[in-house]
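**Student:**
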Amino acid sequence: MRRIASVLILAFVAGCGDPDAEPEAPATLQEIEAEVFAKSCAFSTCHKGASPAGGIALDGPTYDVLVGKESVGAPGRILVVPGDPAASYVYEKLTQEKPANGTQMPPTAPLGAARLEMIKSWIEAGAKND
Numbered sequence: 000m001r002r003i004a005s006v007l008i009l010a011f012v013a014g015c016g017d018p019d020a021e022p023e024a025p026a027t028l029q030e031i032e033a034e035v036f037a038k039s040c041a042f043s044t045c046h047k048g049a050s051p052a053g054g055i056a057l058d059g060p061t062y063d064v065l066v067g068k069e070s071v072g073a074p075g076r077i078l079v080v081p082g083d084p085a086a087s088y089v090y091e092k093l094t095q096e097k098p099a100n101g102t103q104m105p106p107t108a109p110l111g112a113a114r115l116e117m118i119k120s121w122i123e124a125g126a127k128n129d
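Take 0 as the starting number for the sequence shown in numbering that gives the first Met the number 0 and just add one per residue.
This is the structure we're talking about:
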């Protein structure tokens, strides 16, 4: 009986997280540009070059292209609203099968959960130009 109690206590303690642990830092825009946009969006047939889809070029610095800018395809919708992923049209386009306009991006296959979390955490943290 004593052994069972010891095992249960050990299992309980092992399952408890450190309440003082630092939360994971949100992604930076540079990380998103390198890990998401460069690998999944910035191709010559999509968001790159002189005539990028939706007027959104993602093959260079993207802050001035995305943050606080109105969507061409969905007038009245802001591409990235700092602090509010739900109001950010880019996040909608990446996470919804049927966004307000057009199709889900990228068109070949949705982004994985880790990449979506990068974008969400960056927006939630204020969509800084970092």
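The beta-carbon is built from N, C-alpha and C at its ideal position, and this holds for glycine as well.
(1) Using alpha carbons as the reference points, say which of Ser39, Lys38, Gly59 lies closest to Gly48.
(2) Helix, strand or coil for Val35, going by three-state DSSP, please let me know.
(3) Over what stretch of residues does the alpha helix (DSSP H) that includes Ala112 continue unbroken?
(4) So which of Val80, Ser70, Val71, Thr61 has the shortest CA-CA distance to Glu123?
(5) Is Val79 helix, strand or coil by DSSP?
**Tutor:** Inspection of the coordinates gives the following:
(1) With distances taken between Cα atoms, Gly48 lies closest to Gly59.
(2) Helix at Val35.
(3) It spans 112-123 - the alpha helix (DSSP H) in which Ala112 sits, taken as one unbroken run.
(4) Taking only the C-alpha atoms, the option nearest Glu123 is Val80.
(5) Here Val79 sits in strand by DSSP.
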